[in-house]
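Number of protein chains: 2
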Amino acid sequence: MAEQKRARTLPLRKTQPRQRSRPVVDLNVLNDRLGYFVRRLQVWVFQDFVRRLSPIDISPAQFSVLVVIDANRGLSQAELATTLAIERARLVRLLNHLERRGLTQRLPSSGDRRRHALQLTRDGQAILARAKALAEDHEAALRQKLSAERYQVLLELLQEF
Amino acid sequence: MAEQKRARTLPLRKTQPRQRSRPVVDLNVLNDRLGYFVRRLQVWVFQDFVRRLSPIDISPAQFSVLVVIDANRGLSQAELATTLAIERARLVRLLNHLERRGLTQRLPSSGDRRRHALQLTRDGQAILARAKALAEDHEAALRQKLSAERYQVLLELLQEF
DNA sequence: TATTGTTATACTCTATAACTATA
DNA sequence: TATAGTTATAGAGTATAACAATA
Numbered sequence: 049m050a051e052q053k054r055a056r057t058l059p060l061r062k063t064q065p066r067q068r069s070r071p072v073v074d075l076n077v078l079n080d081r082l083g084y085f086v087r088r089l090q091v092w093v094f095q096d097f098v099r100r101l102s103p104i105d106i107s108p109a110q111f112s113v114l115v116v117i118d119a120n121r122g123l124s125q126a127e128l129a130t131t132l133a134i135e136r137a138r139l140v141r142l143l144n145h146l147e148r149r150g151l152t153q154r155l156p157s158s159g160d161r162r163r164h165a166l167q168l169t170r171d172g173q174a175i176l177a178r179a180k181a182l183a184e185d186h187e188a189a190l191r192q193k194l195s196a197e198r199y200q201v202l203l204e205l206l207q208e209f
Numbered sequence: 049m050a051e052q053k054r055a056r057t058l059p060l061r062k063t064q065p066r067q068r069s070r071p072v073v074d075l076n077v078l079n080d081r082l083g084y085f086v087r088r089l090q091v092w093v094f095q096d097f098v099r100r101l102s103p104i105d106i107s108p109a110q111f112s113v114l115v116v117i118d119a120n121r122g123l124s125q126a127e128l129a130t131t132l133a134i135e136r137a138r139l140v141r142l143l144n145h146l147e148r149r150g151l152t153q154r155l156p157s158s159g160d161r162r163r164h165a166l167q168l169t170r171d172g173q174a175i176l177a178r179a180k181a182l183a184e185d186h187e188a189a190l191r192q193k194l195s196a197e198r199y200q201v202l203l204e205l206l207q208e209f
């Protein structure tokens with residue numbers, strides 16, 4: 049994806065009638081749309097995360113799945129899907145992929161024979177440990193990009209959401 | 049998507065000792081990841097936007113394209129793509145779609161024969177007017193969901209980003 | 001009847017590469 | 001050589017519907 053230069057506050061042109069506060073391209077109502085800026089941030093976050101975890105080839109969705117399985121060993125696919133707002137059907141393929149890589153397992157659930165009890169393999173736990181370290185680097189980069197204060201305020205606001 | 053109540057640092061509840069404040073499923077490190085919550089919010093925003101603009105069948109990306117073309121008549125596809133962080137290749141298909149619906153036009157650019165000068169048709173302007181009204185409803189819904197104060201703080205923080 | 005996991009389909013989006021016509 | 005627009009392709013992600021096994 050293309051680099052996103054906001055131009056909005058970029059001091060690129062030397063002489064611009066109304067100073068360089070005027071954007072090169074007018075965003076019009078988008079300038080007052082929270083949804084627009086949330087998407088821009090989300091795109092940045094996603095790309096930085098993917099780049100940093102590329103050595104172990106773990107996507108944001110895969111990371112969240114590994115984290116939640118590890119913290120809730122034996123939970124079902126339906127519970128996992130609901131928790132992470134992933135479609136049940138999509139989760140099936142995601143788990144197939146992780147299982148093929150030898151990171152997760154579907155064990156028979158005691159009691160309800162419809163369910164699978166999910167858990168990580170040893171390899172899965174090892175990958176998760178590396179993933180968590182890299183994800184912390186990513187989070188640190190995000191904190192630096194936003195400034196520590198803004199990061200903190202944002203995190204607290206969004207946690208309540 | 050599932051409703052997400054975070055409960056973690058909310059000063060909203062008066063007394064919440066150790067009751068059902070504990071989530072059914074443990075999110076582990078995800079609880080401290082800004083990126084995770086940004087995605088949750090982004091998903092909510094996207095779905096609400098799509099639902100509200102479904103009567104005129106305009107997606108968030110299409111909306112942003114119409115807005116920026118209208119506010120910058122004659123700009124090129126490359127400029128538009130860079131501004132909105134859309135891939136050049138993706139923008140081609142997006143504009144093909146809007147053009148087939150009779151909402152946008154690619155006119156010859158004076159001077160550089162490689163470029164197209166983009167502009168809205170009359171129908172495009174009419175649709176954009178309706179889209180802006182519906183998008184304002186969406187924004188109002190978002191403001192209510194977050195509370196007016198949180199909405200304002202978030203908007204100001206993210207605008208600087 | 002409802003739920004769990006699964007398969008299938010269609011559509012959108014992202015990420016690339018390569019091509020053409022201009023500059 | 002570089003840029004603007006285009007085509008093509010592969011892989012994710014989203015949204016549905018339907019099915020078998022089980023509750």
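So the protein lines, in turn, are chains F and P. 49 is the number of the first residue of the first sequence in the working numbering; add one for each residue after it. 49 is the number of the first residue of the second sequence in the working numbering; add one for each residue after it. Ideal Cβ placement from N, Cα and C applies to all residues, glycine included.
Per DSSP, the bridge partner or partners of residue i
i	result
P:Arg154	P:Leu166
Element boundaries [alpha helix (DSSP H), containing residue i]
i	result
P:Arg87	82-100
F:Glu197	196-208
F:Val115	108-119
P:Asn76	Where P:Asn76 is concerned, there is no enclosing alpha helix (DSSP H), given that its DSSP letter is neither H nor E.
P:Arg161	P:Arg161 -> no alpha helix (DSSP H), and no H or E assigned at all.
F:Glu30	Not covered by the structure: residue 30 of chain F. The range shown for chain F is 49 to 209.
P:Arg149	Per DSSP, P:Arg149 belongs to no alpha helix (DSSP H) and is neither H nor E.
Buried versus exposed, by CB contacts within 10 Å (16 or more), residue i
i	result
P:Ala129	buried
P:Ser112	buried
F:Ser195	exposed
P:Ala181	exposed
P:Glu187	buried
F:Arg100	buried
P:Val72	exposed
F:Ala126	exposed
F:Leu205	buried
P:Ser69	At P:Ser69 the pLDDT is 36, less than 50, meaning the model places this residue with poor confidence; the figure from the coordinates comes in the next sentence. So P:Ser69 ends up on the exposed side.
F:Gln110	buried
P:Ala174	exposed
P:Ala137	exposed
F:Glu197	exposed
Residue-chain proximity (residue i, chain P), Cβ-Cβ < 7 Å
i	result
F:Ala119	yes
F:Val113	no
F:Ser69	Since pLDDT at F:Ser69 reaches only 36, below the 50 mark, its modelled position is unreliable, and the value read off the structure follows with that caveat. No, F:Ser69 does not count as interfacial toward chain P.
F:Gln200	no
F:Asp185	no
F:Thr152	no
F:Thr131	yes
F:Gln110	no
F:Val93	yes
F:Val73	yes
F:Leu155	no
F:Leu190	yes
Near the ligand MN: residue i beta-carbon under 6 Å from a heavy atom
i	result
F:His186	By its list of ligands, the structure shown contains no ligand whatsoever, and the ligand MN lies outside what it can speak to.
Sub-7 Å separation of residue i and residue j beta-carbons
i	j	result
P:Gly150	P:Thr131	no
P:Gly122	P:Thr152	no
F:Ala189	P:Asn76	no
P:Arg154	P:His164	yes
P:Leu203	F:Leu82	yes
P:Arg87	F:Gln90	yes
P:Leu176	P:Leu114	yes
F:Ala179	F:Ile117	no
CB contact check: residue i to chain F, cutoff 7 Å
i	result
P:Leu206	yes
P:Asp160	no
P:Gly83	yes
P:Gln144	With the sequence shown as reference, residue 144 of chain P is identified as Asn, and Gln is not the correct amino acid for it. False, the Cβ-Cβ gap to chain F never drops below 7 Å.
P:Leu176	no
P:Arg87	yes
P:Gln90	yes
P:Val98	no
P:Leu78	yes
P:Leu182	no
P:Leu203	yes
P:Phe209	yes
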